[in-house]
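Undergrad: Before we start, here is the structure in question, set down as structure tokens.
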Amino acid sequence: MDSASPFRACQALLVACSLAASGASASRSEVLVPEVTHAVSGSFTADDKLIAAWRYKRDVMLVDCAQRHYDLAKWCWVMTLRAQSTTELLLSLEVSLGRFRPAKTELEAVRKFNDENWKKPQKPPNPTLLRNYESRAKTARDQDERSHVELAQWAYAQKLTDEARAVYDLLLQRRGRSLETDADERLQLSSGVVPADISKTILASAIEINGKRYLRDDFLKHLPDVGAIFEVQSEALRVRSPISADLVSNLHALGTALCPLLEADLGGRPTQRMELFVFATRPTYEAFLDHAGLATFKSGSGVADRKTYTAVLCAEGADLNALVIHEIAHLYQYGVTRGVMPDWYAEGFAETYGGNGSFTWNGKELKVGADLSPQRLALLSDPAKLDSLETLFAASAPALWDQADKQVALRFYTESWALVRFFRKYAGPEPGARFARWESMCSGAALGAEALDLRARDPAASQALFKEVVASDLTDIERRFREYVASLK
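First residue of the sequence shown: 102, per the numbering used here; consecutive thereafter.
This is the structure:
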């Protein structure tokens with residue numbers, strides 16, 4: 102990489118970061134954005150000194166974890182795993198609570214597209230290289246857990262019980278698995294056990310599912326009382342529903358069959374497990390969305406939430422298999438890249454897999470990529486009702502579902518599917534290559550993503566880049582796209 106390449110501008114900060122991780126307090130302020138604290142009046146008491154020691158040890162741990170993901174981001178960039186590199190930069194910010202300066206600087210550099218490699222066509226990542234990355238990412242997360250456990254153990258030994266519990270809570274939230282205890286009812290982590298008194302407090306607020314106890318995470322704390330919950334889980338996907346054991350088993354099999362197809366398309370796979378929850382009735386589905394801050398999506402039957410990495414679905418009146426595939430496609434994309442894409446692209450991509458007629462599933466084999474059903478294509482038969490590309494680009498999917506005429510939303514989804522398909526297969530070599538480059542750049546730079554606000558949905562950056570890279574003049578593209586739509590039967 103040349104001198105303009107990302108990761109070259111932060112070498113001095115990285116030196117400081119290494120010093121801070123080894124305990125050099127003078128350099129810690131160079132790599133962490135200062136924390137806002139209240140001034141202490143008068144002389145320091147013993148408690149004040151203890152809290153100062155806690156903050157120092159915590160900040161050293163934050164630097165250690167942040168640099169771990171920063172170093173992995175640098176390795177990914179060298180290996181041309183762009184989406185994975187930017188994901189690790191964002192993780193570097195997340196684990197440092199948004200305070201790690203090198204990751205902030207590097208993220209800005211990546212999004213300026215100064216590196217010449219952005220202009221080169223990208224080949225799909227080598228599967229062996231992806232497995233190497235996944236192994237490194239798992240190792241980094243395991244090391245993060247050990248660092249947090251060591252901090253919590255120190256805090257507990259100093260009788261800073263609230264601080265220790267906060268760290269244990271954070272670890273258990275990130276793990277997202279059932280709560281496991283030893284014979285003394287102490288919660289178990291891979292790096293140690295949680296003290297008995299803290300374990301007791303955490304377990305008192307746990308929820309039981311299929312005889313297993315779970316921490317009330319950002320999803321479960323909003324879950325209304327739906328009775329018994331069935332679940333099937335694997336490393337890649339967990340499916341839960343109050344409907345039946347057979348349903349969750351069948352949907353888990355469908356989602357599992359979909360994953361390799363998405364991996365081949367997106368050049369990676371999520372480094373955390375996807376979650377799928379299917380409500381039986383619309384009232385319980387809507388009640389959850391109200392409590393979870395997702396009321397915007399109540400007019401539809403499903404939403405893939407970036408914050409909790411959970412797809413929430415309503416089975417009532419839905420083509421459930423299509424809905425599951427559509428929402429898992431969204432989740433999978435979120436897991437590979439944090440980039441915020443325009444709604445027309447996001448929904449067109451998901452309909453490529455889960456649109457009515459685009460797939461077949463016999464319980465064992467899943468085939469995708471076919472045309473949408475004749476009923477859906479009929480929505481595009483009247484040229485006068487087709488949106489212009491400018492209108493399509495500006496549309497909001499949730500707002501369209503709020504309209505009384507649901508055919509308007511279905512037409513948007515169908516036209517979006519057609520446009521993504523057009524660019525990928527029928528636009529011709531040059532426009533197709535520009536479109537693929539745009540996909541790669543949005544994904545690799547995670548355009549629109551915020552490290553600490555995973556629900557950020559501003560697609561302005563990716564849409565602006567689309568006009569710059571793919572379609573500075575829409576006239577010819579719009580003409581050819583309408584010709585393609587007219588050919589669909």
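Think of the CB as a built atom: it goes at the ideal place given N, C-alpha and C, for glycine as much as any other residue.
#1: Which first and last residues belong to the alpha helix (DSSP H) in which Arg-583 is found?
#2: Assuming contact is defined by CB atoms lying nearer than 8 angstroms, are Ser-236 and Cys-166 in contact in what I supplied?
#3: Name the DSSP bridge partner or partners of Lys-313?
#4: Which residues mark the beginning and the end of the beta strand (DSSP E) in which Ala-519 is found?
#5: If you drop the 5 nearest sequence neighbours on each side, which residues of the same chain put their C-beta closer than 6 angstroms to that of Ser-663?
#6: Can you give me the Cβ contacts of Arg-341 inside the same chain, cut-off strictly under 8 angstroms, excluding the 5 residues immediately before and after it?
#7: If contacts are defined as beta-carbon pairs under 8 angstroms, then Ser-51 and Arg-314 qualify, I think. What distance do you get, rounded to the angstrom?
#8: From Arg-339 to Arg-374, what does the alpha carbon distance come to, in whole angstroms?
#9: By DSSP's criteria, Met-375 is part of a beta bridge. Which residues make up the other side?
#10: Going by alpha carbons, who is nearest to Gly-394 out of Asp-577, Arg-556, Asp-148?
#11: Going by beta carbon distance, what residues of the same chain come within less than 8 angstroms of Pro-499, once the five residues before and after it are set aside?
#12: Can you tell me which of the three DSSP states Thr-206 falls into?
#13: Between Thr-610 and Ala-546, which are expected to be in contact by the criterion C-beta below 8 angstroms, what is the C-beta distance as a whole number of angstroms?
#14: For a quick check, are the C-beta atoms of Gln-259 and Leu-163 less than 8 angstroms apart?
#15: Nearest CA to the CA of Arg-525: which residue from Lys-213, Leu-478, Phe-582, Glu-491?
#16: Using 8 angstroms for Cβ pairs, my map puts Thr-282 next to Gln-274. What's the rounded Cβ distance?
#17: Apart from the five residues just before and just after Ala-122, which ones in its own chain have a Cβ nearer than 7 angstroms to its Cβ?
#18: Is Cys-118 helix, strand or coil when you go by DSSP?
#19: Could you check which residue in Leu-316, Ala-204, Ser-459 has the C-alpha nearest to that of Leu-478?
#20: So for Gly-143, helix, strand or coil by DSSP?
#21: On the CB-based measure, 16 or more other CB atoms within 10 Å of its CB, does Gly-455 come out buried or exposed?
#22: Among all the DSSP beta bridges, which residues are the ones paired with Gln-289?
#23: Check the DSSP bridge columns for Lys-468 and list the partner residues they point to.
#24: Suppose you measure from the CA of Gly-418 to the CA of Ala-405; what does that come to, to the nearest Å?
#25: Taking only runs that begin and end inside the stretch 381 to 455, name each unbroken beta strand (DSSP E) of 3 or more residues, in chain order.
#26: Note down the Cα distance separating Tyr-234 from Ser-193, rounded to an integer number of angstroms.
#27: Which residue from Tyr-514, Leu-501, Lys-465 puts its Cα closest to that of Glu-452?
#28: Taking Gln-223 and Thr-181 to be in contact with their CB atoms under 8 angstroms, please state how far apart those CB atoms are, rounded to whole angstroms.
#29: Reducing DSSP to helix, strand and coil, say where Phe-214 ends up.
TA: In this structure, then:
#1: Reading the sequence shown from its first residue, position 482 is the one you call residue 583. Segment 575 to 588, the alpha helix (DSSP H) holding Arg-583.
#2: Residue 236 sits at position 135 when you count from the first residue of the sequence shown. Residue 166 sits at position 65 when you count from the first residue of the sequence shown. No; because the gap between Cβ atoms is not below 8 angstroms, this pair is not in contact.
#3: Start at 1 with the first residue of the sequence shown, and residue 313 comes out as number 212. Beta-bridge pairing links Lys-313 to Ile-310.
#4: Your numbering for residue 519 matches position 418 in the sequence shown. Looking at the DSSP string, Ala-519 is not in any beta strand (DSSP E); the run it does join, the alpha helix (DSSP H), is 507 to 522.
#5: Since the first and last residues shown for the chain are 102 and 590, residue 663 lies out of range.
#6: Here residue 341 is taken as the residue at index 240 of the sequence shown, counted from 1. The answer, listed in chain order, is Ile-310, Ile-330, Phe-331, Glu-332, Val-349, Glu-376, Leu-377, Phe-378, Val-379.
#7: It is not possible to answer for residue 51, since the shown part of the chain is limited to 102 through 590.
#8: For this step, residue 339 is matched to residue 238 along the sequence shown. For this step, residue 374 is matched to residue 273 along the sequence shown. Straight-line Cα distance between these residues: approximately 7 angstroms.
#9: Reading the sequence shown from its first residue, position 274 is the one you call residue 375. Note: Met-375 sits in a beta bridge opposite Leu-338.
#10: By one-based count along the sequence shown, residue 394 stands at place 293. Looking at the Cα atoms, Arg-556 is the closest of the given residues.
#11: Within the sequence shown, numbered from 1, the residue matching residue 499 stands at position 398. Here the set comprises Thr-397, Phe-398, Ser-400, Gly-401.
#12: Looking up residue 206 in the sequence shown gives position 105. DSSP places Thr-206 in helix when its eight states are reduced to three.
#13: Only positions 102 to 590 of the chain appear in the structure, and residue 610 is not among them; the question remains open.
#14: Reading the sequence shown from its first residue, position 158 is the one you call residue 259. Reading the sequence shown from its first residue, position 62 is the one you call residue 163. Against a cut-off of 8 angstroms, the Cβ pair of Leu-163 and Gln-259 comes out as no contact.
#15: Locating residue 525 in the sequence shown gives position 424, where the first residue counts as 1. Among Lys-213, Leu-478, Phe-582, Glu-491, the Cα nearest to that of Arg-525 belongs to Phe-582.
#16: Sequence index remark: in the sequence shown, residue 282 carries index 181 (1-based). Sequence index remark: in the sequence shown, residue 274 carries index 173 (1-based). About 17 angstroms separates the Cβ atoms of Thr-282 and Gln-274, ruling out a contact at the 8 angstroms cut-off.
#17: On the sequence shown, position 21 is the one that residue 122 refers to. Because the pLDDT of Ala-122 is 39, which lies under 50, any placement of that residue in the model is unreliable, and the number read from its coordinates should be weighed accordingly. Excluding residues within five positions, the ones whose Cβ falls inside 7 angstroms are Val-161, Val-164, Asp-165, Gln-168.
#18: To locate residue 118, count along the sequence shown from 1; it is residue 17. Low local confidence applies: a pLDDT of 40 at Cys-118 is under 50, so the model's placement there is unreliable, and no value is given.
#19: Within the sequence shown, residue 478 is the residue found at index 377, counting from 1. Cα-wise, what sits closest to Leu-478 is Ser-459.
#20: By 1-based counting over the sequence shown, the position of residue 143 is 42. Here the model assigns Gly-143 a pLDDT of 49, short of 50, so the residue's position is not dependable, and the following value carries that caveat. Reduced to three states, the DSSP call for Gly-143 is coil.
#21: Here the question's residue 455 lines up with position 354 in the sequence shown. Burial call: buried.
#22: Along the sequence shown, one-based indexing puts residue 289 at 188. Val-294, per the DSSP bridge assignment.
#23: One-based indexing of the sequence shown puts residue 468 at position 367. According to DSSP, which records beta bridges pairwise, Lys-468 is partnered with Thr-461.
#24: Against the sequence shown, residue 418 aligns to sequence position 317. Against the sequence shown, residue 405 aligns to sequence position 304. Those two C-alpha atoms are separated by around 19 angstroms.
#25: 403 to 406, 411 to 415
#26: For the purposes of this step, residue 234 is taken as the residue at position 133 of the sequence shown. For the purposes of this step, residue 193 is taken as the residue at position 92 of the sequence shown. The alpha-carbon atoms of Tyr-234 and Ser-193 are separated by roughly 16 angstroms.
#27: Residue 452 sits at position 351 when you count from the first residue of the sequence shown. Minimum Cα distance to Glu-452 is reached at Tyr-514.
#28: Indexing the sequence shown from 1 puts residue 223 at position 122. Indexing the sequence shown from 1 puts residue 181 at position 80. Contact holds; Cβ gap of about 7 angstroms.
#29: The residue given as residue 214 occupies position 113 in the sequence shown. Phe-214 carries a coil assignment under DSSP once its states are collapsed to helix, strand and coil.
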